[in-house]
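I have placed the structure first, in the form of structure tokens, so that the comments after it can refer back to it.
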Amino acid sequence: FQNYDDIIERSCQAWNEILSEDGFIKNLCSREWSFLV
3 FQNYDDIIER
13 SCQAWNEILS
23 EDGFIKNLCS
33 REWSFLV
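Mind the numbering: the sequence shown is residues 3 to 39 in my numbering, read in order.
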């Protein structure tokens, strides 16, 4: 990372990319391993 603003920008881009994938969060939270914790 070049600086703090670069970290924020890249983090926001990654988060928005994750949110753009239909069902990503739901699938992540419904995996079998999550019920073992």
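Note that CB positions come from ideal geometry on N, CA and C, so glycine has one too.
Just so we're clear, the structure is a prediction, and the values are computed from it rather than from any experiment.
F26 (DSSP reduced to helix, strand or coil): The residue labelled residue 26 in the question sits at position 24 within the sequence shown. In this structure, F26 counts as helix in the three-state DSSP scheme.
Where N18 sits in the DSSP three-state scheme: Counting from one through the sequence shown, the residue named residue 18 turns up at place 16. Correct three-state label for N18: helix.
DSSP-derived helix/strand/coil call for S13: As a first step, residue 13 is located in the sequence shown; it is residue number 11 there, counting from the start. S13 falls in the helix class under three-state DSSP.
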